[in-house]
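Here full-length UniProt numbering is used: position 86 in the sequence shown is 86, and no number is missing along the way. To start, the structure itself, in structure tokens.
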Amino acid sequence: MTHILLGDDDKELTDLLQEYLTNHGIRCDCAYDGEQVLNKIKSQPYDLIVLDIMMPKIDGLNVLRQLPTLTQTPVIMLTAKGDEIDRIIGLELGADDYIAKPCNPRELLARINAVIKRTTMQQSDIVPLEHERLQLDQVHRICTVDGETLQVTGTEFDLLVALLQQQGSVASKEWLSQTVLQRELQPLDRSLDVHVSRLRKKLQPYHEDPIKAVRGKGYQLVL
């Protein structure tokens with residue numbers, strides 16, 4: 001059973017989401033402020049964290065800043081509708097996805113299942129990938145460049161897998177969104193661009209322009 005942590009100070013909404021997710025086979029613990037979120041993460045492992053950005057005591061963005069030292073668990077942000085700046089900052093800090101509040105429980109469930117599916121690959125799902133400098137251990141989800149381990153988020157790892165599958169060619173944004181984020185590309189959704197930008201920065205010590213943006217087409221791995 002998938003075990004998630006739901007962090008939100010809106011107790012009424014949290015209880016509603018917990019009941020809905022539990023009825024759909026997801027074990028759901030709750031925390032009502034950022035301090036509780038961090039304490040629960042320290043005490044036990046989770047498959048995924050759903051985190052409201054506007055948390056009391058320690059806000060969601062500061063929780064995100066602390067997470068890399070505690071866990072590699074994927075994170076879905078809950079953000080205010082239309083609050084694009086917080087979404088972009090959250091993605092830059094390593095969140096895997098976001099959903100605007102007030103959220104539809106069914107949509108949240110779909111996002112949870114999509115992230116879990118991406119991060120729990122079975123041996124039979126592995127597509128052999130070859131690259132001179134970049135190695136991706138798809139079972140343990142470990143990335144190495146020139147023999148050095150590169151710390152990447154779950155979404156960044158999946159983005160590398162997708163780009164490697166298309167190496168030598170340009171991967172369209174539409175295809176990357178469907179393959180990596182498992183949703184159709186929306187005109188105002190910058191999630192994919194933010195993930196690519198963050199991954200590009202991590203790869204720049206190994207190549208000046210490791211992921212090339214091709215205007216009007218998409219992205220190409222040139223590492």
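Quick reminder that beta carbons are idealized off the backbone N, C-alpha and C, glycines included. Everything numeric in this text was worked out from a predicted model, so none of it was measured.
Query raised in the report: How many Å lie between Thr2 and Tyr98 at the Cα?
Result: One C-alpha to the other measures close to 19 Å.
Query raised in the report: With a CB to CB cut of under 7 Å and the five nearest residues on each side skipped, what residues in its chain are close to Ala213?
Result: Here the set comprises Tyr219.
Query raised in the report: Under three-state DSSP, which class holds Lys57?
Result: coil
Query - Sub-9 Å separation of Met55 and Gly25 beta-carbons - result: no
Report task. Determine, using beta-carbon pairs with one atom in the region 98-110 and one in the region 155-166, whether at least three such pairs fall under 8 Å. Result -> No, the region 98-110 is not in contact with the region 155-166.
Requested in this report: Closer than 7 Å by C-beta to Ser35: which residues in its own chain qualify, once you throw out the five before and the five after it? Chain order, please.
Outcome: Going by the sequence as given, residue 35 is Glu instead of Ser. Around Glu35: Lys57, Ile58.
Report task. Would you mind sorting Lys173 into buried or exposed? The rule is 16 or more other CB atoms within 10 Å of its CB. Result -> buried
Query - Euclidean distance between Cα positions of Val222 and Leu203 - result: 11 Å
Requested in this report: In angstroms with no decimal places, state the Cα-to-Cα distance between Asp137 and Arg87.
Outcome: 29 Å
Query raised in the report: Among Val50, Leu93, Leu134, which has the Cα closest to the Cα of Ile76?
Result: Val50
Query raised in the report: Cys28 bridges to which residues according to DSSP?
Result: Ile4
Requested in this report: Please work out which residues of its chain come closer than 7 Å, Cβ to Cβ, to His195, disregarding the five sequence neighbours upstream and downstream, and give them in chain order.
Outcome: Hits under 7 Å: Leu91, Thr155, Glu156, Leu159.
Requested in this report: Return the CA-CA distance between Thr73 and Tyr46, expressed in angstroms with no decimal places.
Outcome: Rounded to the nearest angstrom, the two C-alpha atoms are 7 Å apart.
Query raised in the report: Under the rule that 16 or more other beta-carbon atoms within 10 Å means buried, what is Ser191, buried or exposed?
Result: buried
Query raised in the report: Just how far apart, CA to CA, sit Gln178 and Arg118?
Result: 12 Å
**Report entry** Glu84 versus Val145: straight-line alpha-carbon distance, rounded
**Finding:** Counting only the Cα atoms, Val145 lies some 32 Å from Glu84.
Requested in this report: Grab the span of the beta strand (DSSP E) containing residue 225 for me, first residue to last.
Outcome: Nothing in the structure corresponds to residue 225, since the chain is present only between 1 and 223.
Query raised in the report: If you draw a straight line from the alpha carbon of Glu184 to that of Ala31, how long is it in whole angstroms?
Result: Rounded to whole angstroms, Glu184 to Ala31 spans 31 Å at the Cα level.
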